[in-house]
Amino acid sequence: MLRETLRKAADGEVLSEGEAERALETIMEGNAPPAATAALLTALRVKGEAVPEIVGFARAMRRFAAKVEAPEGVVDTCGTGGDAKGTINVSTAAAFVARGAGVVVAKHGNRAATSRAGSADVLEALGAEIELGPEEVSRCIAEAGIGFMFARTHHPAMRFVAPVRAELPFRTVFNLLGPLTNPAGARRQLVGVFGGAYVRPVAEALRDLGAEKALVVHGTDGMDEITVTGKTLVADVSEGGIEEYEISPED
560 MLRETLRKAA DGEVLSEGEA ERALETIMEG NAPPAATAAL LTALRVKGEA
610 VPEIVGFARA MRRFAAKVEA PEGVVDTCGT GGDAKGTINV STAAAFVARG
660 AGVVVAKHGN RAATSRAGSA DVLEALGAEI ELGPEEVSRC IAEAGIGFMF
710 ARTHHPAMRF VAPVRAELPF RTVFNLLGPL TNPAGARRQL VGVFGGAYVR
760 PVAEALRDLG AEKALVVHGT DGMDEITVTG KTLVADVSEG GIEEYEISPE
810 D
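Our numbering numbers the first residue of the sequence shown as 560 and each following residue consecutively.
See below:
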């Protein structure tokens with residue numbers, strides 16, 4: 560099955576959700592050689608990751624994740640990262656501001672890849688224990704109204720992918736999957752993406768994955784955030800639809 564999926568991807572064909580999901584399941588079960596994993600990620604990157612492929616990968620990752628119990632309506636501010644701007648970590652600050660406004664937050668995140676600090680780095684510097692398991696995070700959300708899920712801890716099957724990703728000198732589909740694989744099942748999200756071309760595809764993926772309300776944003780200055788120096792592209796996912804517009808600091 561994986562060989563046929565590899566052939567299709569190498570030929571530039573779009574994989575169905577099911578094909579992509581089964582391929583990643585095979586990888587995350589430890590049943591794929593590193594060369595096959597690298598070949599699949601490379602083929603997808605070369606042809607461009609399609610929405611069904613992103614959704615299929617996200618479904619597989621969700622299935623293998625260590626689930627966190629959380630109430631309906633929790634919000635996540637996890638973005639893709641990767642804009643290479645070297646800015647401060649905005650998503651974690653946004654999570655605390657949201658909590659201060661009364662929102663219950665289930666924050667998904669990782670260490671920095673291209674920025675000065677990722678969510679895990681910031682929280683660790685503040686003295687927080689970042690490697691809590693599902694039950695402990697669930698208790699944090701219940702008692703404090705906010706909890707942090709360190710991607711490495713809550714996606715243990717990624718150990719079969721991480722070494723391959725580290726060897727590839729380019730972004731892969733996994734750079735898009737963090738915001739799509741919240742272990743607490745958050746369906747309300749603010750997602751910054753590293754490129755304007757990914758605003759619509761990530762919004763479509765969130766819609767297909769059952770998002771209740773999500774804003775996917777990218778600053779036209781290159782930031783994977785809502786920028787204060789120019790216009791921000793927005794895709795607003797709500798009630799199964801997507802509305803695209805721009806916002807500016809003047810607004």
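We put the CB at the ideal spot given by N, CA and C, even for glycine.
Keep in mind it's a predicted model, so treat the numbers as computed, not measured.
Alpha helix (DSSP H) segment containing residue 778, residue limits:
Careful: residue 778 lies outside any alpha helix (DSSP H), inside the beta strand (DSSP E) at 772-778.
Between the beta-carbon of residue 639 and the beta-carbon of residue 795, is there less than 8 Å?
no
Open item on the list: In whole angstroms, give me the CA-to-CA distance for residue 575 and residue 685.
Closed with: 43 Å
- Message: Do residue 712 and residue 620 count as a contact pair if the criterion is CB distance below 8 Å?
- Response: no
* **One or two residues paired with residue 747 in a DSSP bridge** => 634, 772
Quick check: residue 596 and residue 732, are their CB atoms within less than 8 Å of each other?
no
Original post:
Do residue 743 and residue 665 have their C-beta atoms closer together than 8 Å?
Top reply: yes
Quiz item: Going by DSSP, which residues form a beta bridge with residue 664?
Solution: 634, 705
| task | Can you have a look at residue 634 and say buried or exposed, based on whether 16 or more other CB atoms are within 10 angstroms of its CB? | result | buried
- Task: Would you grab the beta carbon distance between residue 582 and residue 564 for me? Rounded to a whole angstrom, and I think it's under 8 Å.
- Result: 5 Å
Looking at the structure shown, is residue 591 part of a helix, part of a strand, or coil, going by DSSP?
-> coil
### Query
With distances taken from CA atoms, which of 749, 689, 657, 623 is nearest residue 715?
623
* Return the Cβ separation of residue 762 and residue 775 in integer angstroms, given the expectation that the two are a contact with Cβ distance under 8 Å. => 4 Å
- For residue 572, which option in 644, 758, 606 has the closest C-alpha, if you only look at C-alpha atoms? 606
Which of helix, strand or coil DSSP assigns to residue 793: strand
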